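A short worksheet on the structure shown next.
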Amino acid sequence: MSVAKKLIASYVLVLILMTAIVGTNLYATSSLKMQAETLITDSIPLGRAADDLLTALVNEQTGVRGYLVSGDEKFLDAYNIGKNDIKINLTDIDSRLDGHPIMSQLIAEAKPKIDSIEKYYESEISLAKQGKLDEARSKMEDGKRLFDSFRETHGKIKNDIDKLTNDAWNDVMNVKANSNNLIIIISIIALLVTILTSFLLIKSISSPVKKVTNTLHRIADGDLTVEPLNIKRKDEIGVLVTSLNKMVANVRDILSKVSDVSTQVAASSEELTSSAEQCTKANEQIAEATQKSASGAEEQLGSIEQSTETIKEMSTNIQQISDNSKEMYTLSDKAFSASEHGIITINDVVDQMNDITTTVSDSETVIRKLGEHSKEIGNIVEIITGITEQTNLLALNAAIEAARAGEQGKGFAVVAEEIRKLAEQSKVSATQIAQFVKEIQSETENAVISINKGNEKVKNGFAKTQHVAETFQAIKGDVTNVNSKVKDVMASIELVSSQSQAFVSFSETIRKAAEEGAILSQDNSAANEEQVATMEEITASAQSLAELADELQSSIAIFKI
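Put into structure tokens, the structure is as follows:
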């Protein structure tokens, strides 16, 4: 996988984890909303309707007793209102019984008792209207028994409603706790995965780049004995390492061949110098013999023939030197090309280091955004804490109002107390979440510090790579100088070759002149003098060629092959 694909994969992983956090939060909010709606639209209204039902019966009882005691029909207004409220509350309760089998049984048990109480009140009112107040008053104990029987059933109904309310509220708190735990776990996992991904990515890039940088430093110092880097990867780093290994091998091979060729040139130059000196001595002897006596023409002819053979051999050696020089020039051209390829490779490394710097900066931005999201969660927790405190205050007020209501407010006081307890639990949970958020923010800051350190290491690697690029430029300049000197050597060899050919021609002329006779000895002597001068020039050229070969050896001696 390429470096670019690794970066994209790390970004996608972080986005997936952030999406999971947001999705979990939305799911938790939806679940809390559903449970709260169940509590608000089902359990609490059932409890309120049950309390109102008891209140309506009490109103009926109060109105009937007032009418029986005073005979004033204005007390029947309370009775009529209570009777109407009983119908309304029973209808409301019946509409909410789906899914509550125990409550359905209790309401079915309560309805006949309510009907009995209603019939009792109607008979009492009828007796009172007939003027039979004493008879009606004597049956008041029967009404008390009926009412007590209903109160017993009503108590069961209240207990079941309280159980429903507690169960619903426990479900709300369980959903809330589970959601909070899940959000915290996913947030921690996201943070750990982000830190681990960033660490592995930086390590996978910085480690091979460090090895490449060390190798390039050794090459810049002239050490070509470095072992090939064994980094098998299929991304841009792998291509860089492969190119570096090939470049080192090519430069080592080229310098080895250049060293061999320069050694051969030096040896051939020494042989050429030696041959030229021998030819010079031979020509001096020929000239001396020619001046002494024409009678030595035959001896002189033999010496000339020997000199001619020596010169031909020298010409052959010069041609060999010329061929070696051409090969050395070709190798120096290859060295120049290899140095240019090395510069291109280093430039690619610089580009990759720039990409790495950009990637580390992007990772730092993502981590900072995660920290900002955790701060937003902290703000939400503060809002939840405020809501729980307000809920606690409202529950306290409700308890006070219930206490003022006396017996009729006891049921509501129980609910208010439960709400207060749950509000306290919510506040504790919110405090725990705030602590978790602080820990996440702390870990996020540590991740930012870690990424900044990685960024500094990448910058150091970038600076070292630029230094190596400058070193390659220097190598390129040295190779260019070697190339220039090789061209000078080739020019000198061409001059020596041309002069040696001329010398061969002169030798042939001298030999023919010697065959013609002693009468041409003076001309032969002049030709020998010219030949001596030519051989001196050849000797000087050979010495110059040897000096150039020594300079070439010195230029490549800085490299360890």
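Residue numbers for the sequence shown follow the UniProt record's numbering, so the first one is 1 and each next one is one higher.
The C-beta atom is built at its ideal place from N, Cα and C for all residues, glycine as well.
Computed from a predicted structure; not experimentally measured.
| query | result |
| --- | --- |
| Can you name, in chain order, every residue of its own chain whose Cβ lies under 8 Å from the Cβ of Val193, other than the five neighbours on each side? | Leu13, Val14 and Leu17 |
| Using only the alpha-carbon positions, how far apart do Asp221 and Thr215 sit? | 10 Å |
| Would Glu456 pass as a contact of Gln352 if the rule is Cβ separation under 7 Å? | no |
| Under a three-way DSSP split, which group does Lys234 fall into? | coil |
| Across the region 224-235 and the region 204-215, are there enough close Cβ pairs to call them in contact, namely three or more that are closer than 8 Å? | yes |
| Does the region 50-60 come into contact with the region 143-162, if we say contact requires no fewer than three beta-carbon pairs (one atom in each stretch) closer than 8 Å? | yes |
| When you compare only the Cα positions, how much space is there between Lys119 and Asn80? | 13 Å |
| Please give the ranges of any beta strand (DSSP E) in the region 78-121, keeping only runs that are unbroken, at least 3 residues long and fully inside the region. | none |
| Counting Cβ pairs closer than 8 Å, one from the region 386-393 and one from the region 414-423, do we hit at least three? | yes |
| Using the C-alpha atoms, what's the distance from Lys369 back to Ile186? | 16 Å |
| May I ask which residues mark the beginning and end of the alpha helix (DSSP H) holding Val58? | Ile44 to Ser70 |
| Taking the Cβ atom as the reference point for each residue, do Gly63 and Leu54 lie within a distance shorter than 7 Å? | no |
| If we ignore side chains and look at the alpha-carbon of each, how far apart do Asp488 and Glu547 end up? | 11 Å |
| Taking 7 Å as the cut-off, decide whether the C-beta atoms of Lys326 and Ile254 are in contact. | no |
| By alpha-carbon positions, which one of Asn397, Glu407, Val248 and Ala56 ends up nearest to Ile343? | Val248 |
| Check Lys560 in the structure and name its three-state DSSP category. | strand |
| Can you tell which of Asp85, Pro101 and Gln285 has the C-alpha that lies nearest to the C-alpha of Ile114? | Asp85 |
| Please determine, among Ile205, Gln441 and Thr391, the residue with the shortest C-alpha to C-alpha distance to Lys427. | Thr391 |
| Taking 7 Å as the cut-off, decide whether the C-beta atoms of Glu443 and Leu182 are in contact. | no |
| Looking only at C-alpha atoms, which of Ile93, Leu127 and Phe147 sits nearest to Ser116? | Phe147 |
| By Cβ distance below 7 Å, which residues in the same chain neighbour Ser104 in space, the five residues on each side in sequence not counted? | Leu97 |
| Check whether the region 66-73 and the region 117-136 are in contact - that is, three or more C-beta pairs closer than 8 Å. | yes |
| How many Å lie between Asp72 and Glu135 at the Cα? | 17 Å |
| What number of angstroms, rounded off, separates the C-alpha of Ala4 from the C-alpha of Asp167? | 54 Å |
| Measuring only the C-alpha atoms, how far is Ala266 from Thr273? | 10 Å |
| Using the C-alpha atoms, what's the distance from Glu270 back to Glu529? | 24 Å |
| Which one of Ile188, Thr165 and Lys453 has the shortest CA to CA distance from Ile419? | Thr165 |
| Report, in whole angstroms, the separation of the C-beta atoms of Ser10 and Leu201, which I expect to be a contact under 8 Å. | 6 Å |
| What whole-angstrom Cβ distance do Gln320 and Ser268 have, given they're in contact under 8 Å? | 6 Å |
| Is the distance from the Cβ of Lys560 to the Cβ of Thr263 below 7 Å? | no |
| Residues in the same chain with beta-carbon distance under 7 Å from Arg252, minus the five sequence neighbours each way, listed in chain order, please. | Leu224 and Ile561 |
| My guess is that Ser555 and Asn452 are in contact by the Cβ rule of under 8 Å, so how many angstroms apart are they, rounded? | Incorrect: roughly 45 Å between the Cβ atoms, too far for contact. |
| Looking at the C-beta of Lys5, does it have a partner C-beta in chain D at a distance below 7 Å? | No chain D is present in this structure, which holds just one protein chain. |
| With DSSP collapsed to three states, give me the class of Asp221. | coil |
| Below 7 Å between beta carbons: does that hold for Thr359 and Leu7? | yes |
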